[in-house]
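Residue numbers for the sequence shown follow my numbering, beginning at 82 and rising by one.
By construction, the Cβ of each residue, glycine as well, lies at the ideal position given by its N, Cα and C atoms.
These notes are about the structure you will find just below.
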Amino acid sequence: MEFSVKSGSPEKQRSACIVVGVYEPRRLSPVAEQLDKISDGYISALLRRGDLEGKAGQVLLLHHVPNVLSERVLLVGCGKERELNERQYRQIITKTINTLNETGSMEAVCFLPELHVKSRNTYWKVRQAVEATQESLYSFTNYKSNFEEARRPLRKLVFNVPTRRELAVGEKAIQHGLAVAKGVEQAKDVANQPPNVCNPEYLATQAAQLCKDFDNLSFSRFGEKELEEIGMHSYLAVGRGSANESVMSVMEYCAPGHENDKPIVLIGKGLTFDSGGISLKPGAGMDEMKYDMGGAAGILGTMRSLAELQLPIKVVGILAGCENMPAGDAYRPGDIITTMSGQTVEVLNTDAEGRMVLCDVLTYVERYEPELVIDTATLTGACVIALGHHTSGLLSPHNPLAHELINSSDLSGDKAWRLPLGEEYQEQLQSNFADMANIGGKGAGTITAACFLSRFAKKYNWAHLDIAGTAWKSGKDKGATGRPVPMLTQFLLSRSGQEIDE
Ligand code: BES
Ligand code: MN
Ligand code: ZN
């Protein structure tokens, strides 16, 4: 898709379609009003006859509106003017894109960024429109034998902004929106791959390819031999039962002149399949545990967005690739493992494997003397119980970092909510035989998992993002979401001083 911005009046556009909003009940937006005037009340007459009420998501496609140069006018219902919120705005864009794509307009001029969304500026509206557009156009059809594309798909979208003064922020918004969308797409593409294709080595080849494609990015691979040499025994224990080798991928991004910065370190859980191991999971829905590498996919995607944006910072991205399988040499409940940090862990459930992998990576990254570390992981089913599928769980002992991340989640629309991380929860990890157990018992599973990780993240500022409920969708829309790429990319944008307030 090609995006651009323009500032002009609707009647003067010569396009396959112009898109304007109508509020409920039957109230024209200012732009629709202009079209109505020039067409001698053609549109208001239709509304009076009851063709469109203006409810959010309703659409009405008109052809050859009198005195309008464009072939079509798409009226889009926007709900009550005062009530138009961010979620509805995105839904309206999605509906618009789907309609355009199905009705043969290969290009369109869209006036929807002129709608009023509470406390959001033109930059936000254009960027969200770009991201929502790319989202609606995504599909994963690699393994479909007979896939038919739309006959006349939408190819070019022009966003109209209210004043010429806003053209520059509009351009920025498109650039940022596209970078986020590319990262999201990359994350989805990798995560949607089946687990017989996407194994830890596959994650490494994807990371290596990305680092080849972009300057400022370099790649290194740590196979089992290398992981052994640096003492990552806990990570290795999880992968031991799998025929696929455990591979940790490290991507280093450094903008020119930032060689001496302390890096921001991003770590993603990359369980390319989590069967539970000896503590085997129940069968229903187990296929979805191919998405247990959603954290790694999110970090790969974020590195992609970062490389597209060429932000003036230093970032290390790590994919902790591993597969958790039952086997004769698999790790078992009761095993005591010495982690890279020297702390010992009694394994009480082999299905609590994510933390066993991540704890060693958290120790490994100490050597970077990081500015801060963020890990993201589909870590606990408990997080899905607590927050469902809309909001990721954020846990951090460092208030400023937590606030910064919540702010990024708010700006990007990729929602996260902070859960507490009080030391009283640490007691649930008590073990009779080792320094700690790998599970914390019945209550607060997301918090005790983060407590476990916190014991390995003492040497730097750290935050943990549990994306168990948000990394993919189940049911008929089953598929990866690309989250938390938007939030993490926003975090990096904000860190590089690229926040835009107009
Ligand atoms: N990958 C799972 C968590 C998960 C489950 C994510 C369902 C998304 C949907 C993780 O490795 C796991 O199995 N966690 C266990 C921990 C328990 C044994 C303490 C869980 O949540 O049941
Ligand atoms: Mn598990
Ligand atoms: Zn898992």
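Inter-residue spacing [alpha-carbon to alpha-carbon] between cysteine 532 and tyrosine 506: Annotation: cysteine 532 to tyrosine 506 spans about 7 angstroms, alpha carbon to alpha carbon.
The stretch 564-582 contacting the stretch 488-499, beta-carbon criterion three pairs below 8 angstroms: The stretch 564-582 is in contact with the stretch 488-499.
Heavy atoms of the ligand BES versus C-beta positions, residues under 5 angstroms: Selection output, chain order preserved: Asp355, Asp373, Asn430, Asp432, Ala433, Gly435, Thr459, Thr461, Gly462, Ile520, Ala549.
Beta-carbon proximity list for aspartate 516, same chain, < 6 angstroms, skipping 5 on both sides: Setting aside the 5 residues that flank it on each side, aspartate 516 is surrounded in the same chain by Gln424, Thr425, each with a C-beta closer than 6 angstroms to its C-beta; the list follows chain order.
Whole-angstrom distance between valine 154 and glutamine 115, CA atom to CA atom: About 13 angstroms.
Euclidean distance between Cα positions of arginine 233 and aspartate 547: About 40 angstroms.
Touch test, the stretch 199-214 against the stretch 137-157, Cβ-Cβ under 8 angstroms, three pairs minimum: Output reads no: the stretch 137-157 does not touch the stretch 199-214.
Spatially closest choice to valine 397 from Met370, Val112, Val454, by CA coordinates: With distances taken between CA atoms, valine 397 lies nearest to Val454 out of Met370, Val112, Val454.
Helix, strand or coil at lysine 269 [DSSP, three-state]: It is helical.
Environment of tyrosine 224 [buried if 16+ CB atoms lie within 10 Å]: Of the residues assessed, tyrosine 224 falls on the exposed side of the cut-off, its CB having fewer than 16 other CB atoms within 10 angstroms.
Minimum C-alpha distance to aspartate 342 - residue among Met384, Glu369, Lys395, Ala463: The residue among Met384, Glu369, Lys395, Ala463 with its C-alpha nearest the C-alpha of aspartate 342 is Lys395.
Distance between leucine 390 and asparagine 241 (C-alpha atoms, nearest Å): Spanning the two alpha carbons is a distance of roughly 23 angstroms.
heavy atom of the ligand MN below 7 angstroms from glycine 322 C-beta: For glycine 322, the Cβ stays outside the 7 angstroms cut-off from all heavy atoms of the ligand MN.
Segment contact, 8 angstroms Cβ cut-off, at least three pairs: the stretch 258-267 with the stretch 368-386: Output reads yes: the stretch 368-386 touches the stretch 258-267.
Beta carbon of alanine 113 nearer than 8 angstroms to that of isoleucine 124: Yes, the pair counts as a contact, with Cβ atoms nearer than the cut-off.
For tyrosine 445, the residue or residues it bridges with in DSSP: The beta-bridge partner set that DSSP reports for tyrosine 445 is empty.
Per-residue burial, lysine 539 [other beta carbons within 10 Å of its own, 16 or more giving buried]: Exposed: under 16 other Cβ atoms inside 10 Å.
Other residues of its chain near glutamate 452: CB distance less than 6 angstroms, five sequence neighbours each side excluded: For glutamate 452, same chain residues with a beta-carbon under 6 angstroms away, outside a window of 5 residues either side, are Lys343, Ile345 in chain order.
Selection from Tyr104, Tyr283, Gln579, Val103 that minimises the alpha carbon distance to methionine 374: Per the C-alpha coordinates, the member of Tyr104, Tyr283, Gln579, Val103 positioned closest to methionine 374 is Tyr283.
Spatial neighbours of serine 386 in its chain, beta-carbon cut-off 7 angstroms, leaving aside the 5 residues before and after: Excluding sequence neighbours, serine 386 sits near Ala260, Val261, Lys263, Gly264, Val566, Thr570.
Cβ-heavy atom distance, leucine 352 to the ligand ZN, below 7 angstroms: Under cutoff, so the answer is yes.
Residues near cysteine 279 by beta carbon distance below 6 angstroms, same chain, minus five either side: Here cysteine 279 has Thr353 as same chain residues with Cβ atoms under 6 angstroms from its own Cβ, once five neighbours each way along the sequence are excluded.
Validate contact between the stretch 471-482 and the stretch 181-198 using beta carbons, cut 8 angstroms, 3 pairs: Judged by pairs of C-beta atoms under 8 angstroms, the stretch 471-482 does not touch the stretch 181-198, as fewer than three such pairs exist.
Residue range of the beta strand (DSSP E) that includes cysteine 335: Taken as a continuous stretch (DSSP letters only), the beta strand (DSSP E) holding cysteine 335 covers 328-335.
Beta-carbon contacts of leucine 502 that lie in its chain and below 8 angstroms, excluding the five residues immediately before and after: The answer, listed in chain order, is Leu476, Ser477, Pro478, Ile528, Ala531, Cys532, Ser535.
Any non-hydrogen atom of the ligand MN closer than 7 angstroms to glycine 589 Cβ: There is no way to answer for residue 589, as the model of the chain reaches only from 82 to 583.
Residue range of the alpha helix (DSSP H) that includes aspartate 117: Counted as a single uninterrupted DSSP element, the alpha helix (DSSP H) harbouring aspartate 117 occupies residues 111-119.
Entirely enclosed beta strand (DSSP E) segments - the stretch 490-521, minimum 3 residues: Runs of the beta strand (DSSP E) inside the stretch 490-521: 497-499.
CB of threonine 383 within 8 angstroms of CB of leucine 347, strictly: Taking 8 angstroms as the cut-off, the beta carbon of threonine 383 is found closer than this to the beta carbon of leucine 347.
Enclosing beta strand (DSSP E) for arginine 171 [first to last residue]: No beta strand (DSSP E) holds arginine 171; the alpha helix (DSSP H) holding it covers 167-183.
Unbroken stretches of the beta strand (DSSP E), 3 residues or longer, contained in the stretch 287-317: Secondary structure remark: continuous beta strand (DSSP E) runs of at least 3 residues inside the stretch 287-317, in chain order: 298-303.
6 angstroms Cβ shell around isoleucine 255 - same chain, five flanking residues per side excluded: Sequence-distant Cβ neighbours of isoleucine 255 in its own chain, meaning closer than 6 angstroms and more than five residues away, are Phe84, Val211.
Distance cut-off 7 angstroms: asparagine 405 Cβ against heavy atoms of the ligand MN: Yes, Cβ of asparagine 405 sits closer than 7 angstroms to a heavy atom of the ligand MN.
Helix, strand or coil at leucine 623 [DSSP, three-state]: For residue 623 there is no data in the structure shown, the boundaries of the chain being 82 and 583.
Touching by the beta-carbon criterion (3+ pairs, under 8 angstroms), the stretch 305-317 and the stretch 244-258: No: fewer than three Cβ pairs fall under 8 angstroms.
Alanine 388 at chain B interface by Cβ criterion, 8 angstroms: The structure shown contains no chain B, having only a single protein chain.
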